[in-house]
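See below for the structure under consideration.
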Amino acid sequence: MAVDGDSISMPVAVAACVAMALFYVLILYAPTVILRLPSASSYSNFMIRRFICAAISTVASLVFTAFILPIKSWEGSFILGVYGIRRDHLWQGVVYPLLLTSLIYAGSLVLELLLFLESWKENCGGCCSSFSYIKSLVQTTSTLVLTGASNVSLWRNLIVAPVTEELVFRACMIPLLLCAGFRIYSAILLCPILFSLAHLNHFREMYIRHNRSYLMASLVVGLQLGYTVIFGSYASFLLIRTGHITAPLFAHIFCNYMGLPVPYARGKGLVTAAFLIGVVGFITLLFPLTKPHMYNYRTNDCPCWLGYCLWN
């Protein structure tokens, strides 16, 4: 295999992970603090600068990790495999974790369906055909997609943030921690703590840019940090179990799109029922839908860096 699990010391692995986490956050301020560039003329330019900074820190972290890990082969596909970037079992790495994640949002999905049906009844009211309404819906959706393609906030939430955060905080950090000898559950808990560091800069934005009170900014950021720790643990679990970076990546995109799960809606008991059923389903299927052999050719007698062969 690519790495030897005992050849990295725990302090070195932790220090490397902390350095990458801090670099990911601090480089966002490089244009104005280090390069002394003038303030961005618009929100779009401001976000584009951040996209470039996030991309630079991600590439730097990937290269940095490759030199720390005792990789024995520098073949491109081999190195990418260390980060969980693989072509084999690709559809499994996308579909099964996405289905599993959607169970947590069963209440949200049912609520959206109920709202859609209510909208259909109000707009049609029996006076227009279902075909006409579907055609109108498709046209509206197409317009929204085209509009969203130029929306920098959507690019941040659905593309840039998921891709860069998963590569840095999962693909880079988990191999380092596991190769240093950390137990799997320790890595699952430690990575999210470092992941939460990437969101500490939100306090500054809340407190200074949005003129929120210190208490309100603390409450909002505290909620965000709690959520990132929970999601980060789940994302780390997915990568370790499947060995595919696509598993946490698409789960991340889906969660960013959906927001927080909806457990309750006034006058819609079906939403609460769906939410509870989804939670039970998620807990029940968490391990069966992430069995390592579903995502890998071999798991028996495999001293793999991911450690999925040790979880059986």
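Read in order, the letters of the sequence shown are residues 2 to 313 in the working numbering.
By construction, the Cβ of each residue, glycine as well, lies at the ideal position given by its N, Cα and C atoms.
Source: prediction; values computed, not measured.
Compute the beta-carbon to beta-carbon distance between residue i and residue j, rounded to the nearest angstrom, for a pair I have assumed lies under 8 Å.
i	j	result
Leu290	Leu101	5 Å
Measuring alpha carbon to alpha carbon, tell me which of the options ends up nearest residue i.
i	options	result
Ala20	Leu63, Gly282, Gly260 and Thr273	Leu63
Met48	Phe117, Trp156 and Ile254	Trp156
Ile9	Leu286, Ile69 and Phe117	Ile69
Thr273	Tyr106, Ile160 and Cys173	Tyr106
Ile185	Tyr84, Phe238 and Pro264	Phe238
Val280	Lys292, Pro262 and Ala17	Pro262
Arg242	Leu287, Ile254, Phe255 and Gly227	Leu287
Would you say residue i and residue j are within 9 Å of each other, going by their C-beta atoms?
i	j	result
Pro193	Ala248	no
Leu198	Ala188	no
Tyr25	Thr59	yes
Met295	His90	yes
Ala172	Gly85	yes
Val153	Ser45	yes
Leu27	Lys269	no
Leu191	Val15	yes
With DSSP collapsed to three states, give me the class of residue i.
i	result
Ala67	helix
Ile105	helix
Asp264	Position check: residue 264 holds Pro in this sequence, whereas Asp was assumed. Coil, per DSSP.
Asn297	coil
Trp92	helix
Phe183	coil
Lys122	helix
Leu195	helix
Ile246	coil
Tyr84	coil
Asn46	helix
Ile9	coil
Arg51	helix
Phe288	coil
Asn152	coil
Leu110	helix
Cys310	For Cys310, the predicted model reports a pLDDT of 42, less than 50, meaning its position is unreliable; a value from the coordinates is still stated below. In this structure, Cys310 counts as helix in the three-state DSSP scheme.
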